[in-house]
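For reference, the structure is listed below as structure tokens.
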Amino acid sequence: MHHGGGGGGAIRVLNVAEKPSVAKSVAEILSRPSGGMRSREGRSRYNRVFEFDYSIGGRACHMLVTSVTGHLMELEFDDRFRRWHSCDPADLFHAPVRKSVPQDKQDIKRTLEEEARKCQWLLLWLDCDREGENIAYEVIDICAGANSRLNIWRARFSALIDREIHEAVQHLDRPNKLFADAVDARQEIDLRIGASFTRFQTMLLKDAFVLDDTGDDRNIILSYGPCQFPTLGFIVERFWEIQAHEPEEFWTINCSHTSDEGTASFGWIRGHLFDYSSAVVIYEMCVEEPMATVQNVRNQEKLKYPPYPLSTIELQKRASRYFRMSSEHTMKVAEELYQAGFISYPRTETDNFSPNTDLHSIVHEQVAHPNWGTYAQRLLDPEARLWRNPSNGGHDDKAHPPIHPTKFSAGETNWTDNHKKLYELVVRHFLACCSQPAVGAETTVEIDIAGEQFNASGRVVLAKNYLDVYRFDSWGGTLLPTYIIGQQFVPTTLTLDSGMTRPPPLLAEADLLGCMDKAGIGTDATMHDHIKKLLDRCYATKDANTRFSPTNLGEALVMGYDEMGYELWKPYLRSMMEADMKSVSIGTKSKSEVLENCLQQMKACFLDARANKVKLFDAMGTFFARSSRPVNETQNSIETVRPCAACNESEMFLKQRPCRNVVWLPRSLSGAAVTDQVCPTCAPGPVYKIQFKFRRRDIPPNFDVDHLGCIGGCDDILKELMELSRFGSHSQTATPARNQSQTASGVRQGSSRQDLHTSFHPAVQFTNGQTPVVNPQGFRSTHTQSSGNASGQVQCTSCREPCVLRTANTEANRGRKFYKCQNLACGFFAWEDDVENSAPRGRGVRGRGGRSSTRQSSASAGRRGGTQGRGRRGRGRNADGMMFVAATGEPVHGSCFICGDPTHFANNSAPRGRGGRGRRGRSSSRQSSESASAGRRGGTQGRGRRGRGRNADGMMFVAATGEPVYGSCFICGDPTHFANVCPNLGR
């Protein structure tokens, strides 16, 4: 190696370490021969500069040692893409990015620039892994920018001990650009994927649901990470396995024999049977001929081998199992022990020692320890024959050796219990892997009873060897009585026992780390960070036994993506990415090639996920109540006009005036989705067609349940279905042809909205001889049956008039339906479920259109609507299941003054019956008063709101894009009109 220098004098060498503590340790070790080290402050108060003289390769050098604090630069989007609403999240896959020094590290940058201008060499002491190499090139960019003539060298070391540091500085190397490129590729991929999916999820879901798992859900960020989500997937998948497990009973035959030498327990060679009859038959055969015959006795030597040398993953897994330390805390403590010089570099994938490693010297340093010093002495004694070179685990990252002790300590005064435990684990593990395996004698006895085979095993440990020092492992055994082939005996016990299959346990942290390692998710240096992120984001919880369970939020997100068909929560995509990074690091693939292929693939996934966002909504609705807050679902590019001059915090955007136009869709609709197809006829356009799905029972047989329609006015089929919906056609036994007029028998002709809500039949005489069933609350329920047609009514016991059906909106009874007399002067009302309970079984009171209207169904519909029992209904359906489609835009704030429905205000409320309300009148029933007050509360405080998308009777509508209409009809509470055009005006 030729070290170029600057002239014949001492070479000024700028040394840069990754952390201030490492810089201090390196400076102290290298300055000891000269005996003089000076220290001064740099531009940053935390990153001092140490100066001393040293000789490298026979050349006199003046060493200046300083440090950075991890990564010096950050990768980020250009300013115009950094605000969440500044662009479509899909644009982030190709938006410009830049790497720059953040403001809080400008002082470190200035120190490096000032010192680099005065030096000839730059010597990099960054950690010897990919991440360290990337930081090294960040330092190079800064220093070379200040002094382009620098001669740049790399020191490679694994422990902060004298031997390692002096060896490294005398055998300098060049930085590895391929390692740095691999990290650059990973950083850019993670930034683009993480930012796009995180913005998509957060803007779509945060304000749409009450995320009560997360505390202050207004500030929650629903982050997505390419490593974070597969890690969550392991937790959710195990949780689903447990949930799906159905216990199954099985039967097994157990046998034991007691003699003077002890008791032997024999297990059935079949294990167990799930068929009880078969197990009983076999058991009875054994009971009838119980004589046992010894068929075979095997004695063999068994070895229990010591563990492989310690890698980072094994350190984390064993610390979790033995001490219940989290992986994050394990790495924190290990890093502190490394920086203090007690253990080697703790981030390594290597689990085999180089033949050049002086293992005996490392063992010799531990001879003085009071706990394991005696064992270390035995290990070095050739006569004990305890030494064995460590096994090769098959992994070598070519950067660092396995984790091992580098300095003796009987315990430092500033150590916590976890420092002591982790240091003990590292030392005992190292001593164990240099030891002979444990030796045992295992005996297996096989017997026959009535043709059925049973066996028993016993073990005696002959030489513990490594188990003497590695107290974390055990190798127990049982001593069997002596048996000889051909011996016969009658079992002491012979029983048929039952048991139940059990689900697998929740994943422990050690198990989760094993899954991540096997699937290639993350690196040894980042796995613990991904686990911590899941806990910080409230996607998972960890119990006292370090076992993980998904939260509702974590499970809902995984469920949503799983329903889309994209296995974004599976490890396969990330495993391929990690393999690509490795290819970059060894030069078989270029950084640009990996970036292009990976981002192209993930952008396609993103666009598909966004197109199927309704599945994410449905999954979230399974666990969370819908929120009454405004929902940002547009995710379109919104250009900022200017910062707000009043608050200097928010941005000002261009907004349009609100529009109150609403198009109500048919009652028979069960689902609807906007397509990309544009109607060629309707104007102004574009008018996108909607894929409708109707309920077969609610439409005539000559109509298709699937219909691609247009709401612009050109679709005759849709208009006809809307007309049929107005008059409750599905209650008729015979359906006219498409072009024939149709009127539901007994339905009052008048306002279509009134007909929609009060489709009860007038009082009729019984035709089948039934007598009215009188409920104790004083109402009369009549029922009539004919061929294919059933209709019913509830009559007021005072006025003998048909009652109207309404839906309660009070906190205690929200969603529960009741009957109300149409006469304003009458205070009669009755709960619908009370009517049901008093009616003959199987003939529940029929509500609108002949559909059974039980309290249970309406309540469950309310829960499915996204409220989870909180009283709010989600977007999309009302109390009766009717649907509306709202155009893209922000939601309506407020609710109907009368009924509490946020999908309309009082000016557009549908009529509730002829006697429902006057302009200033109040219903005299207690229930109506409560409903009205609930509606008022819902309009101002959001307590009684239902979600956007359906009105109180569930009808679907399409609303114009724009900000919401504030206000409602004073008379009926519908937000789609005000009182001056209310159909109930003057009634």
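Per the UniProt record's numbering, the very first residue in the sequence shown carries number 1; after that it's consecutive.
Cβ coordinates follow ideal geometry from the N, Cα and C atoms, glycine included.
Test item: CB-CB of residue i and residue j under 7 Å
i           : j           : result
residue 174 : residue 154 : yes
residue 624 : residue 26  : no
residue 832 : residue 528 : no
residue 99  : residue 63  : no
residue 342 : residue 421 : no
residue 689 : residue 679 : yes
residue 444 : residue 435 : no
residue 61  : residue 29  : no
residue 37  : residue 44  : no
residue 196 : residue 606 : yes
residue 325 : residue 488 : no
residue 521 : residue 471 : no
residue 583 : residue 589 : yes
residue 400 : residue 348 : yes
residue 504 : residue 241 : yes
residue 18  : residue 126 : yes
residue 712 : residue 718 : no
Close Cβ partners of residue i (< 7 Å) along its chain, the five nearest in sequence each way excluded
i           : result
residue 446 : 295, 296, 453, 455
residue 71  : 135, 138
residue 475 : 304, 438, 440, 461, 467
residue 131 : 183, 525
residue 4   : Note that residue 4 has pLDDT 48, beneath the 50 cutoff, so the model's placement of it is unreliable and the number below is only indicative. Answer for residue 4: 151, listed in chain order.
residue 501 : 247, 248, 250
residue 375 : 431, 468, 469
residue 799 : 821, 823, 826
residue 580 : 589, 594, 598
residue 269 : 453, 454, 455
Residues that DSSP places opposite residue i in a beta bridge
i           : result
residue 688 : 678
residue 66  : 16
residue 293 : 448, 488
residue 707 : 692
residue 61  : 11, 54
residue 405 : 343
residue 101 : Answer is none; residue 101 lacks a bridge partner.
Cut-off 6 Å between Cβ atoms - residues of its own chain near residue i, not counting five sequence neighbours on either side
i           : result
residue 68  : 108
residue 317 : 510, 513
residue 771 : With a pLDDT of only 33 at residue 771, under 50, the local geometry of the prediction cannot be trusted, and no value is derived from it.
residue 620 : 205, 209, 556
Own chain residues within Cβ distance below 8 Å of residue i, not counting five before or after
i           : result
residue 288 : 450
residue 346 : 312, 315, 331, 334, 335, 337, 338, 403
residue 595 : 185, 188, 189
residue 486 : 293, 294
With a cut-off of 8 Å, do at least 3 Cβ pairs link the region 327 to 334 to the region 142 to 161?
Not touching, per the Cβ criterion.
Touching or not, the region 181 to 188 and the region 196 to 205, by the rule of three or more beta carbon pairs under 8 Å?
Using a Cβ-Cβ distance cut-off of 8 Å, the region 181 to 188 and the region 196 to 205 are not in contact, since fewer than three pairs of beta carbons, one from each stretch, lie closer than that value.
Pairs of beta-carbons, one from the region 469 to 480 and one from the region 532 to 548, closer than 8 Å: are there three or more?
Counting Cβ pairs under 8 Å, fewer than three are found: no touch.
Taking contact to mean at least 3 C-beta pairs separated by less than 8 Å, is the region 539 to 554 in contact with the region 593 to 612?
The count of Cβ pairs closer than 8 Å, one atom from the region 539 to 554 and one from the region 593 to 612, stays below three, leaving the stretches out of contact.
Taking the runs of the alpha helix (DSSP H) that are 4 residues or longer, which of them lie wholly in the region 298 to 357?
List check, alpha helix (DSSP H) in window: 312 to 323, 327 to 339.
Can you find at least 3 beta carbon pairs, one from the region 396 to 410 and one from the region 350 to 365, that sit closer than 8 Å?
The region 396 to 410 is in contact with the region 350 to 365.
Can you confirm whether the region 257 to 264 touches the region 225 to 239 when touching is taken to mean that 3 or more C-beta pairs between the two stretches lie within less than 8 Å?
Under the Cβ criterion (8 Å, minimum of three pairs), the region 225 to 239 does not count as touching the region 257 to 264.
Would you check if the region 666 to 675 and the region 693 to 712 touch, i.e. whether three or more CB-CB distances between them fall below 8 Å?
The region 693 to 712, when compared against the region 666 to 675, does touch it at the 8 Å Cβ threshold.
Inspect the CB distances between the region 161 to 170 and the region 418 to 435 and report whether three or more fall short of 8 Å.
Too few Cβ pairs lie closer than 8 Å, so no.
Can we say the region 238 to 254 touches the region 489 to 503, given the rule of at least three CB pairs closer than 8 Å?
Per the Cβ contact rule, the region 238 to 254 is in contact with the region 489 to 503 (3 or more Cβ pairs under 8 Å).
Starting from the N-terminal side, write out each stretch of the beta strand (DSSP E) that is 3 residues or longer and does not extend beyond the region 493 to 531.
Entirely contained in the region 493 to 531, the beta strand (DSSP E) runs reaching 3 residues are, in chain order, 493 to 500.
For the region 545 to 622, which segments carrying the beta strand (DSSP E) assignment without a break, of at least 3 residues, lie completely within its bounds, in sequence order?
For the region 545 to 622, the continuous beta strand (DSSP E) assignments of 3+ residues that do not extend past its boundaries occur at 548 to 550, in sequence order.
At 4 residues or longer, and completely inside the region 223 to 270: list those alpha helix (DSSP H) runs for me, N to C.
For the region 223 to 270, whole alpha helix (DSSP H) runs of length 4 or above, ordered along the chain, are 228 to 244.
At 3 residues or longer, and completely inside the region 411 to 469: list those beta strand (DSSP E) runs for me, N to C.
Taking only runs of at least 3 residues, the beta strand (DSSP E) segments lying wholly in the region 411 to 469 are 438 to 449, 452 to 463.
Along the chain, which unbroken stretches of the beta strand (DSSP E) at least 3 residues long are found entirely within the region 144 to 194?
Here the runs fully enclosed are 151 to 154.
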